[in-house]
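Participant: Sharing a structure here in structure tokens format.
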Amino acid sequence: MTPAAAPPRVLLLAHDLHSPGTEELAHTVSEVLAPAEREHVLRKRLAADRTRTLIGRWLARRAAARIVGAPWTTLCTGQRLGGQPYVVGRPQLSLSIAHSGRYALAAVALGARVGVDTEQVARVTRLPDDAFLGPGERAALHAVPQDEERRAALWVLKEAAAKLTGQGLRAGLRSIGFECPGTRFPLVARTPYAAAQFRAFRLPGGYVAAVGVSAGEPPRGPVFVTPTGPVPADRGTARPPSVK
Ligand SMILES: CC(C)(COP(=O)(O)OP(=O)(O)OC[C@H]1O[C@@H](n2cnc3c(N)ncnc32)[C@H](O)[C@@H]1OP(=O)(O)O)[C@@H](O)C(=O)NCCC(=O)NCCS
Numbered sequence: 019m020t021p022a023a024a025p026p027r028v029l030l031l032a033h034d035l036h037s038p039g040t041e042e043l044a045h046t047v048s049e050v051l052a053p054a055e056r057e058h059v060l061r062k063r064l065a066a067d068r069t070r071t072l073i074g075r076w077l078a079r080r081a082a083a084r085i086v087g088a089p090w091t092t093l094c095t096g097q098r099l100g101g102q103p104y105v106v107g108r109p110q111l112s113l114s115i116a117h118s119g120r121y122a123l124a125a126v127a128l129g130a131r132v133g134v135d136t137e138q139v140a141r142v143t144r145l146p147d148d149a150f151l152g153p154g155e156r157a158a159l160h161a162v163p164q165d166e167e168r169r170a171a172l173w174v175l176k177e178a179a180a181k182l183t184g185q186g187l188r189a190g191l192r193s194i195g196f197e198c199p200g201t202r203f204p205l206v207a208r209t210p211y212a213a214a215q216f217r218a219f220r221l222p223g224g225y226v227a228a229v230g231v232s233a234g235e236p237p238r239g240p241v242f243v244t245p246t247g248p249v250p251a252d253r254g255t256a257r258p259p260s261v262k
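Heads up, the sequence shown is in the working numbering, so the first residue is 19 and it goes up one at a time.
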């Protein structure tokens, strides 16, 4: 008999909000949320933001459920003062959620802190350097031919780090300096701001995402999930493990 695979210590799940069935899924999730979670969702003014938040919470519960070996409908999430999300009654788990445009992501880690972020490259391109880059980062970027993906990767790395510590934007993105020596995605990155290892990777359709963990290896990319199960990642993203 083959032994069952050990549960992962870090799991990063993603959902493409353009995929069919997303609105129905969001509706189903809203029906099973705990009152405090539903209240959090209802605070979002735009319907599209409510959908993103619902899907983020669904991914969070699914990732946590996979790690602890419980049905996702039996877990629930909350947020600390300052906004950092957590899995209720599971202090050994760290949770991070991100959503932007086409994607929602959630990362859960067992016995380590985790942070995740995603953004459309074109949106970061419109931001001035001084909105988020420190002098060393600007110099490093200007030393190579214009690379908007790499520049956007710095944005998501910084936000992932700020979420990992729970400081959020209060950390000041310019003061979170990153070094990512490699040239190919997924980029491996570190920052003196947080004792953690980070990776930045591409998502299909002109997006980048980053994940950091305070112990162990960060995932090389997300596992894409649909209401009915995992789907293979598109080309250009790392091949994910499967999720039940
Ligand atoms: C955390 C923060 C960087 C999120 O950035 P964003 O680009 O707006 O949104 P993202 O989709 O990337 O992330 C949203 C998720 O971050 C998480 N989050 C919010 N505050 C967080 C914090 N302090 N630490 C970790 N995660 C946080 C939430 O889970 C949220 O998802 P949800 O609302 O669906 O639960 C930002 O909202 C923030 O710093 N908030 C803290 C409060 C603050 O400093 N406000 C000042 C605003 S000028």
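Ideal placement from N, C-alpha and C gives every residue a C-beta, glycine not left out. Everything numeric in this text was worked out from a predicted model, so none of it was measured.
Could you pull the DSSP bridge partners for tyrosine 104 from this structure?
Facilitator: DSSP, once it has assigned bridges, lists Gly96 as partnering tyrosine 104.
Participant: Taking Cβ to Cβ, would you say leucine 172 is nearer than 9 Å to phenylalanine 150?
Facilitator: It is a contact, given that the beta carbons lie within the stated cut-off.
Participant: Compare the Cα-Cα distances from alanine 158 to each of Leu182, Glu197, Arg217 and report the closest residue.
Facilitator: For alanine 158, the nearest C-alpha among the options comes from Glu197.
Participant: At a threshold of 8 Å, does glutamate 42 count as lining ligand 1 (C-beta to nearest heavy atom)?
Facilitator: Not so, every heavy atom of ligand 1 lies at least 8 Å from the Cβ.
Participant: From Leu113, Phe216, Arg108, Thr92, pick the residue whose C-alpha is nearest to that of glycine 101; which is it?
Facilitator: Of the candidates Leu113, Phe216, Arg108, Thr92, the one whose C-alpha sits nearest the C-alpha of glycine 101 is Leu113.
Participant: If you reduce the DSSP assignment to three classes, tell me which class serine 118 lands in.
Facilitator: The answer is strand: DSSP assigns serine 118 an E or B state.
Participant: Taking the continuous alpha helix (DSSP H) assigned at glutamate 55, which residues delimit it?
Facilitator: From DSSP, the alpha helix (DSSP H) with glutamate 55 extends over 53–60.
Participant: If you compare alpha carbons, which of Tyr225, Arg192, Leu175, Ile73 is closest to alanine 214?
Facilitator: The option with the nearest alpha carbon to alanine 214 is Leu175.
Participant: Taking proline 7 as the reference, give the member of His160, Arg131, Ala233, Ala179 with the closest Cα.
Facilitator: The structure shown does not extend to residue 7, since the chain is modelled only from 19 through 262, so no value can be given for it.
Participant: How big is the Cα-Cα spacing for glycine 230 and arginine 156?
Facilitator: Those two C-alpha atoms are separated by around 22 Å.
Participant: So if DSSP puts glycine 230 in a beta bridge, which residue, or which two residues, is it bridged to?
Facilitator: Answer by DSSP bridge pairing, in chain order: Gly133, Phe216.
Participant: So, with DSSP's three-state summary, where would you put aspartate 34?
Facilitator: Here aspartate 34 sits in strand by DSSP.
Participant: According to the Cβ coordinates, are glutamine 138 and glycine 234 closer than 9 Å?
Facilitator: Against a cut-off of 9 Å, the Cβ pair of glycine 234 and glutamine 138 comes out as no contact.
Participant: With burial defined as no fewer than 16 other Cβ atoms inside 10 Å of the residue's Cβ, what is the status of proline 53: buried or exposed?
Facilitator: The residue is exposed, with fewer than 16 neighbouring Cβ atoms inside 10 Å.
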